[in-house]
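A.B. asks: Handing you this structure, nothing more for now.
In my numbering, the protein residues as written are 13 to 315.
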């Protein structure tokens, strides 16, 4: 079997992602490619050089730049995806457990979940109409009500994706098809937030110039949304900083606390596996765990 260049194969994948309009995926793969190129000093990396010792050295290299473990995991998972795709295409042979020696998990380093009380407060909060903060409040609630839909997916929703009270869309990240029954509360928010430009193919006005740097328009809209959510957090006085991720994490966590099956939650969110869903929540909250520890110390040392 002819061994090919891993880095050139990765470049071809990046080009294909760009052609498919998967700009976010292309961006992550490009970042991974840049890190590999920097580590090798610009020298092409062959598939037969991808060994456990090389991967460990690459991980140590990333650690030397003070990168967070989640960032390192992202690079490793992208590299692993390239490797397995090459295996599937018969470009290289598979070495079992090759990536077992490096970190490919996900650590929840920031508490992104807000509880039901905060959501209720947010739902009932009176904010002047037609302000950016009010639109951010409504949008956050809509993300939650649509089963924690990611911002990127709602930004690219087309008018034809909504048929009556049924919303059908394809996740930008995984390509999974999702069908959501839009509840009355969510429909009111859609009507309040939808684009008034009848010529736009998109349901919402986050991408205003169709076919022109759409990815950059989406990124700009996301930055504005997160900025307004930060202001909204300060207004609410909560100890948790709201972000575009919070709605998705909160929906998963509340569903878990309501004892819905994890496989059901995973399917509802369009995850590739239950393992992916499990990164969104814990079986018990930090508060419950802390209270348990407090009780154990009290029982042990204060008798």
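Positions of the beta carbon are idealized from the N, C-alpha and C atoms, including for glycine.
1) Tell me where the alpha helix (DSSP H) around residue 99 begins and ends.
2) According to the neighbour-count rule (16 or more other Cβ atoms, all chains shown, within 10 Å of its Cβ), is residue 151 buried or exposed?
3) Helix or strand or just coil, what does DSSP make of residue 265?
4) Would you be able to state if there are at least three C-beta pairs under 8 Å between the region 268–278 and the region 138–150?
5) Is residue 139 helix, strand or coil by DSSP?
6) Would you call residue 38 buried or exposed, if buried means 16 or more other Cβ atoms sit within 10 Å of its Cβ?
7) Could you check whether residue 229 and residue 236 sit closer than 8 Å to each other, using their CB atoms as the reference points?
8) Helix, strand or coil: which one does DSSP assign to residue 185?
9) Should residue 256 go down as buried or exposed, given a rule of 16 or more other Cβ atoms within 10 Å for buried?
10) Could you check how far apart the C-beta atoms of residue 170 and residue 282 are, in whole angstroms? I think they sit under 8 Å.
11) Which residues in the same chain have their Cβ closer than 8 Å to the Cβ of residue 26, if we skip the five residues on either side of it in sequence?
12) Per DSSP, what are the beta-bridge partners of residue 174 in this structure?
13) By the three-class DSSP mapping on this structure, what secondary structure does residue 192 have?
14) So what does residue 17 bridge to, in DSSP terms?
15) Count the CB pairs spanning the region 94–107 and the region 48–55 that are closer than 8 Å, and state whether there are at least three.
16) DSSP three-state label for residue 232, please.
17) To the nearest angstrom, how far is it from the Cα of residue 122 to the Cα of residue 90?
18) For residue 167, tell me which candidate among 233, 138, 128 has the shortest Cα-Cα distance.
C.D. replies: Working from what's here:
1) To locate residue 99, count along the chain shown from 1; it is residue 87. 81–100 is the extent of the alpha helix (DSSP H) around residue 99.
2) Mapped onto the chain shown, residue 151 falls at position 139. Residue 151 should be labelled buried.
3) For the purposes of this step, residue 265 is identified with residue 253 of the chain shown, where counting begins at 1. Three-state result, residue 265: helix.
4) no
5) Taking the chain shown and counting its residues from 1, one reaches residue 139 at position 127. Note: residue 139 maps to coil in three-state DSSP.
6) Taking the chain shown and counting its residues from 1, the one referred to as residue 38 is at position 26. Per the 10 Å Cβ criterion, buried.
7) Residue 236 sits at position 224 when you count from the first residue of the chain shown. Residue 229 sits at position 217 when you count from the first residue of the chain shown. Not a contact, by the Cβ cut-off of 8 Å.
8) Numbered from 1 along the chain shown, position 173 holds the residue referred to as residue 185. Correct three-state label for residue 185: coil.
9) Walking along the chain shown from the start, residue 256 turns up at place 244. Under this definition residue 256 is a buried residue.
10) Locating residue 170 in the chain shown gives position 158, where the first residue counts as 1. Locating residue 282 in the chain shown gives position 270, where the first residue counts as 1. Not confirmed; about 17 Å, so no contact.
11) Residue 26 sits at position 14 when you count from the first residue of the chain shown. Answer for residue 26: 38, 41, 42, 45, listed in chain order.
12) Residue numbering aside, residue 174 sits at position 162 when the chain shown is read from its first letter. In the DSSP output, where bridge partners are listed per residue, residue 174 has 179.
13) For the purposes of this step, residue 192 is taken as residue 180 along the chain shown, with counting starting at 1. Residue 192 falls in the strand class under three-state DSSP.
14) Taking the first residue of the chain shown as position 1, residue 17 is located at position 5. In DSSP, residue 17 forms a bridge with 58.
15) no
16) If you number the chain shown from 1, residue 232 lands on position 220. Helix at residue 232.
17) For the purposes of this step, residue 122 is taken as residue 110 along the chain shown, with counting starting at 1. For the purposes of this step, residue 90 is taken as residue 78 along the chain shown, with counting starting at 1. Its pLDDT being 49, under 50, residue 122 is placed unreliably by the model, and nothing is read from it.
18) Within the chain shown, the letter at position 155 stands for residue 167. Of the listed residues, the one whose Cα sits closest to residue 167 is 233.
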